[in-house]
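Step one of this worksheet: look at the structure below.
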Amino acid sequence: MLKGLSATKIGTLREEIMPQLTVHDVGTFEVPEGKRLVLALREEAGIDQLHACGGRAKCTTCRVEFVNGEPDKITQAERDVLQAKGLSGVRLSCQILCDQDMTVQVISRLEGSGRADCGTQPSPDLEPAPEWVAKG
Ligand code: FES
47 MLKGLSATKI GTLREEIMPQ LTVHDVGTFE VPEGKRLVLA LREEAGIDQL HACGGRAKCT
107 TCRVEFVNGE PDKITQAERD VLQAKGLSGV RLSCQILCDQ DMTVQVISRL EGSGRADCGT
167 QPSPDLEPAP EWVAKG
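Going by this note's numbering, the sequence shown opens with residue 47, and the numbers climb by one from there.
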C-alpha cells in the first residue's frame, strides 16, 4: 500500500497517525498507536507512574484521571477491580491502549508514595487477555 512513497513521506504519514498523549501540567507526547497507556506514561512522558502489580489489573496503583479522550470501552478486568475497590472517576492505565488522542491527570506516582519502586515492568501486551465491554 505504501509502495512508491519515499521513506520521508512514510515517516510523515506515520507521525500523522500517532496518537498524542497529553499529561496535564507536564506536556504532550506522541505515542505509538496501540501502546499501553501505563507504558506510554513511563516511556514517552517520563512519568514515575506506579504499576505495582505489573499491569495485571489487580492493584489499581496505575490509576489516572481522564481530562479528555477517555476510551468508551473498558476491559472486564478493569471494570471488576474498580468495582471491587469502590473506585469511580478513575481508569487503570494498564488496561488502556493509546488508540486516540487523550489527556490525563497523573494521580499515582512513585514520588510521595513511600514505595521502593514503580512496580514490576508491565508486558507490552494487555494482561489479562482483554475482554472488552462498553464502559456504561
Ligand atoms: S492494576 Fe496494577 S498496574 Fe494496573
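Just so it is clear, CB atoms sit at the ideal spot from N, CA and C, and this is done for glycine as well.
Since this is a predicted model, take the numbers as computed values, not measurements.
Assigned secondary structure, ILE120 (DSSP; H/G/I helix, E/B strand, else coil): Looking up residue 120 in the sequence shown gives position 74. Here ILE120 sits in strand by DSSP.
Taking the DSSP output, what are the residues bridged to LEU85? Stepping through the sequence shown from its first residue, residue 85 is reached at position 39. In the DSSP output, where bridge partners are listed per residue, LEU85 has none listed.
Helix, strand or coil for LEU143, going by three-state DSSP, please let me know. Position 97 of the sequence shown, counted from the start, is the residue given in the question as residue 143. LEU143 falls in the strand class under three-state DSSP.
Check for me: the beta strand (DSSP E) holding GLY73 runs from which residue to which? To locate residue 73, count along the sequence shown from 1; it is residue 27. It spans 73-76 - the beta strand (DSSP E) in which GLY73 sits, taken as one unbroken run.
Mind checking whether VAL152 and VAL69 have CB atoms under 9 Å apart? Numbered from its first residue, the sequence shown carries residue 152 at position 106. Numbered from its first residue, the sequence shown carries residue 69 at position 23. The answer is yes: Cβ separation under 9 Å.
With DSSP run on the structure shown, which of helix, strand or coil describes LEU156? The residue labelled residue 156 in the question sits at position 110 within the sequence shown. Coil, per DSSP.
Looking only at its own chain, which residues have a Cβ that is under 6 Å from the Cβ of ALA54, when we skip the five neighbours before and after it? Reading the sequence shown from its first residue, position 8 is the one you call residue 54. Strictly speaking, residue 54 in this sequence is Thr, with Ala absent from that position. Excluding positions up to five away in sequence, the list is empty.
ALA130, buried or exposed, once every other Cβ within 10 Å from all chains shown has been counted against 16: Indexing the sequence shown from 1 puts residue 130 at position 84. Counting Cβ neighbours within 10 Å, ALA130 comes out exposed, since fewer than 16 surround it.
Per DSSP, which one or two residues make a beta bridge with ALA180? Numbered from its first residue, the sequence shown carries residue 180 at position 134. DSSP, once it has assigned bridges, lists LYS119 as partnering ALA180.
Quick one: measure Cβ to Cβ for LYS81 and LEU143, integer angstroms, because I've assumed they're closer than 8 Å. Sequence index remark: in the sequence shown, residue 81 carries index 35 (1-based). Sequence index remark: in the sequence shown, residue 143 carries index 97 (1-based). At roughly 7 Å, the Cβ-Cβ gap stays under 8 Å, so LYS81 and LEU143 are in contact.
How big is the Cα-Cα spacing for ASP118 and TRP178? Position 72 of the sequence shown, counted from the first residue, corresponds to residue 118. Position 132 of the sequence shown, counted from the first residue, corresponds to residue 178. ASP118 and TRP178: Cα-Cα distance of roughly 10 Å.
Just checking, does the stretch 104-118 make contact with the stretch 149-165 on the three C-beta pairs under 8 Å criterion? yes
Consider the C-beta atom of GLY165 and the heavy atoms of the ligand FES; say whether any pair is separated by less than 8 Å. The residue given as residue 165 occupies position 119 in the sequence shown. Yes, the beta carbon of GLY165 sits closer than 8 Å to at least one heavy atom of the ligand FES.
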